[in-house]
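Number of protein chains: 2
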Amino acid sequence: MNILIDAMGGDNAPKAPVMGALEAAKLWNVNIVLVGQEDAIRAAAKEAGCDTLPANVEIVHAPDVVDMHDDPANVCRKKKESSMVVGLRLLSEGQADAMISAGSTGALLSGATLIVKRVKGIRRAAMGPAIPNKAGSKTVLCDCGANAECTPEFLLQFGIVGSLYAKKNLDIANPRVGLLNIGTEDTKGTPLQKEAYALLTDAHNKGLVNFIGNIEARDTLLGEVDVVVCDGFSGNVLLKSIEGTAYFMGSLMKHKIFKRKSKLFGYNPLSIIGYLFCRQGVKEVTSMMDYREIGGTQFLGIKKTVIKAHGSSDALAFRNAVKQAVDAVNADFSAELETALKQLTEENADD
Amino acid sequence: MNILIDAMGGDNAPKAPVMGALEAAKLWNVNIVLVGQEDAIRAAAKEAGCDTLPANVEIVHAPDVVDMHDDPANVCRKKKESSMVVGLRLLSEGQADAMISAGSTGALLSGATLIVKRVKGIRRAAMGPAIPNKAGSKTVLCDCGANAECTPEFLLQFGIVGSLYAKKNLDIANPRVGLLNIGTEDTKGTPLQKEAYALLTDAHNKGLVNFIGNIEARDTLLGEVDVVVCDGFSGNVLLKSIEGTAYFMGSLMKHKIFKRKSKLFGYNPLSIIGYLFCRQGVKEVTSMMDYREIGGTQFLGIKKTVIKAHGSSDALAFRNAVKQAVDAVNADFSAELETALKQLTEENADD
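One line per chain: the protein sequences are A and B, in this order. If you read the first sequence in our numbering, its first letter stands for residue 1, the second for the next number, and so on. If you read the second sequence in our numbering, its first letter stands for residue 352, the second for the next number, and so on.
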């Protein structure tokens, strides 16, 4: 399997993507293609103590770089020779199975849409990160920021694509799909939610999704829903407030524990053990919510696997994104998705 | 000062509101008026070991009750004799200074708007809970669910009213107002955010708010913003995902710690101390995010103090809501708000 990595994307490029690629190449039987400025990539590899690249890591030179100020809509036209666009072109030409980039989300999304193309019938590609939940499983949030403005039909499609993702990538037999809303009653929300509720109910009755109705933000992590359907704006708010609160709780916990320790230190040595003891528990919990562990976010509805890694991804994050890409390629569901969408429109035509 | 409590509102009525009222009456120099079915209220007081009510607690009988199935829009007309509507009427007639209810949010909001009325110039009343942040201060989220659909002008007004609330109720000298968005660049978001950004910038230039620009959901708890402006839908998602994540992290922490304890129990007694030691830290942190500690949510932009207590409020929550009501009455800023809105429209007329 061939995985492309945009070596110039993200805050820590090229060092982090190159190091992550080298680690991944060691760990898994996969070929990695680093796309970007060859000299910079070789320098980063040297810095990581690797003078000659292993056999399963190659470089494809791309002189240009997409930066955060580039208008996402014009990147494909104006930055033809950037690492991101060259990578996506190789992917669309079938020279690789997946592409990973920590560069501009907007640029990667429009590039994936224009170059790699959407699955037939899909109106918009969505971002569907899978986050850990209380049940020990994962919950897919779809969409999480790719589409700030949505129509009810987009939300219906997010439910279908998210459901297939949960089935194939997370091995959930019959994923429970919930609509993010401000209350559970079917009269809640704006016209967008009310119309999406009707469309999802209809798709449920046709056996296309297992729609369980409206869910509230606080239910997301409780493990009572497998796929949360929402517009990209609220999905982004949901995801980032979960991240922020997890970070806040973790640091607050450390502070409380440390404060107690220093207060007791000298009087009660047990507190030190207590401190070390808690620290592990805190670490385990906060790391569960760590984006580096969660890995990147796959663009759902694109013909081939494209993964957006977090902008501040380090080597570990890139390494995990490679693993995620491999799994995603093995779980590819483009065909099933196309069939489901076809079935939906046909059934509607029958109405 | 006279505080009205809807004795029939909430999941634990009348017991919780009555017990909370009795506790509050003991703790603070305040008169409490319990509105609702007299027999039920007296029975609840007896159950709480109070056969005769103290001098500063009285009952106003209201035979009817607003329930969750009542259409909020019709409550004022169809449930004239309900505890909620009778209470709001007494408030508007000047027979009390504030009203607390744990009943239907929608009904309380439309009742407050129709009976107590909005401050002159305010388009919509907003819900502005103040939640703890990393800086040890509080952050106001405005709106948090009162208005699922908003116009840019609503958001501008939420910024102004939220800012005054932070100034007067939270003693923040020059509150930093941020617009909830999916990125910090001023080009981010839907047309709603883009237009609200322009209006808030304009108000900032006129010295009416200290607008610091777009903020992301993860920044909410970091204490770098004092007022988060958002439409009621995303605000509700933000608040409830913070609640949900805090609860999730707390229970996960307990689980991890407990698991370790039972694993080590018998072999290493220190782990038991460690466990007890952590438990306190976990408790401190989770209670910070406990709605009972946060208290109720004030409707901002209503002429008098109306506080929505959480539906599942217990006696402690009602007690804290009374304290909150007393503080809110003392910090009343209706006059300043009216002036600010007047100034804004005048300034705009000058443009």
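Virtual Cβ for every residue (Gly too), placed ideally from N, Cα, C.
Item	Value
Mind listing the chain A neighbours of Val386/B? Cutoff is C-beta to C-beta under 8 Å, in chain order.	Neighbours of Val386/B on chain A: none; closest Cβ ~26 Å, over 8 Å.
If you measure beta-carbon to beta-carbon, which residues of the region 524–555 of chain B are closer than 7 Å to chain A?	Leu531, Ile533, Gly540 and Thr541
Which same chain residues end up closer than 7 Å to Gly617/B when comparing Cβ atoms and leaving out the 5 residues on each side of it in sequence?	At Gly617/B, the pLDDT of 43 sits below 50, so the modelled position is not reliable; the number obtained from the coordinates is stated separately. Once the five neighbours on either side are set aside, Gly617/B has no close Cβ partner at all.
Flag this pair as touching only if the region 212–225 of chain A and the region 561–572 of chain B have three or more C-beta atom pairs under 8 Å; answer yes or no.	no
With a CB to CB cut of under 7 Å and the five nearest residues on each side skipped, what residues in its chain are close to Pro129/A?	Leu141, Cys144, Leu239, Ile294 and Thr297
Do Ile32/A and Val322/A have their CB atoms nearer than 8 Å?	yes
Can you tell me the Cα-Cα spacing of Gly400/B and Val677/B, whole angstroms?	26 Å
Between the alpha carbons of Glu374/B and Asp415/B, how many angstroms are there, rounded?	25 Å
Have a look at Ala125/A and Val116/A and give me their C-alpha separation to the nearest angstrom.	11 Å
DSSP beta-bridge partners for Thr490/B?	Ile482/B
Looking at the unbroken beta strand (DSSP E) that takes in Ile172/A, where does it start and where does it end?	No beta strand (DSSP E) contains Ile172/A, which DSSP labels as neither H nor E.
Measuring straight from C-alpha to C-alpha, what distance separates Pro365/B and Ala376/B?	16 Å
Which residue or residues does DSSP assign as beta-bridge partners of Val725/B?	A query on residue 725/B cannot be resolved here, the shown segment of chain B reaching from 352 to 702 and no further.
From Asp186/A to Tyr197/A, what does the alpha carbon distance come to, in whole angstroms?	7 Å
Does the distance from the CB of Leu469/B to the CB of Glu504/B come in under 8 Å?	For the record, residue 469/B in the displayed sequence is Arg; it is not Leu. Contact: no.
In chain order, what residues of the same chain lie with their CB nearer than 7 Å to the CB of Ser685/B, ignoring the 5 residues before and after it?	Val470 and Lys654
Look up Gln649/B in the DSSP assignment and give the residues it is bridged to.	Ile658/B
Please state whether the Cβ-Cβ distance between Ile410/B and Ile593/B is less than 8 Å.	no
Is there a Cβ of chain B sitting closer than 8 Å to that of Glu153/A, yes or no?	no
Cutting at 6 Å between CB atoms, please list the residues of its own chain near Pro54/A, excluding the five before and the five after it.	Ala25
Between Leu199/A, Leu222/A and Lys206/A, which has its C-alpha nearest Gly213/A's C-alpha?	Leu199/A
I believe Leu692/B touches Gly510/B by the beta-carbon criterion, under 8 Å. Please report the beta-carbon distance rounded to the nearest angstrom.	Incorrect: roughly 12 Å between the Cβ atoms, too far for contact.
Looking only at its chain, what residues have a beta carbon closer than 6 Å to the beta carbon of Ser378/A, apart from the 5 residues adjacent to it on each side?	Because residue 378/A is not part of the residues shown, which for chain A are 1 to 351, the question remains open.
Could you spell out the range, first to last residue, of the beta strand (DSSP E) harbouring Gly49/A?	Per DSSP, Gly49/A belongs to no beta strand (DSSP E) and is neither H nor E.
Please list the segments of the beta strand (DSSP E) lying wholly inside the region 552–611 of chain B, counting only runs of 3 or more residues, in order along the chain.	561–566 and 578–580
Rank Gly20/A, Lys46/A and Met1/A by C-alpha distance to the C-alpha of Asp97/A and give the top, closest one.	Met1/A
Have a look at Ser163/A and Val229/A and give me their C-alpha separation to the nearest angstrom.	10 Å
Which residue from Thr52/A, Ser104/A, Leu156/A and Gly9/A puts its Cα closest to that of Gln37/A?	Gly9/A
Helix, strand or coil: how does DSSP classify Met99/A here?	strand
Just confirm the distance between the C-beta atoms of Ala361/A and Val18/A, as a whole number of angstroms; I'd bet it's less than 8 Å.	Nothing in the structure corresponds to residue 361/A, since chain A is present only between 1 and 351.
Alpha carbon to alpha carbon, how far is Leu264/A from Thr245/A?	Annotation note: pLDDT 45 at Leu264/A (below 50); position unreliable, coordinate value reported separately. In a straight line, the C-alpha of Leu264/A is about 28 Å away from that of Thr245/A.
Output yes if chain A places a C-beta closer than 8 Å to the C-beta of Asn587/B; else output no.	yes
Give the DSSP-derived three-state secondary structure of Arg469/B in the structure shown.	strand
Which residues share a DSSP beta bridge with Thr178/A?	What sits at residue 178/A in the sequence shown is Gly, not Thr. Bridge partners of Gly178/A: Gly213/A and Val228/A.
To be precise: take each residue of the region 88–116 of chain A, compare its Cβ to all Cβ atoms of chain B, and keep it if any distance is under 8 Å. Which residues remain?	none
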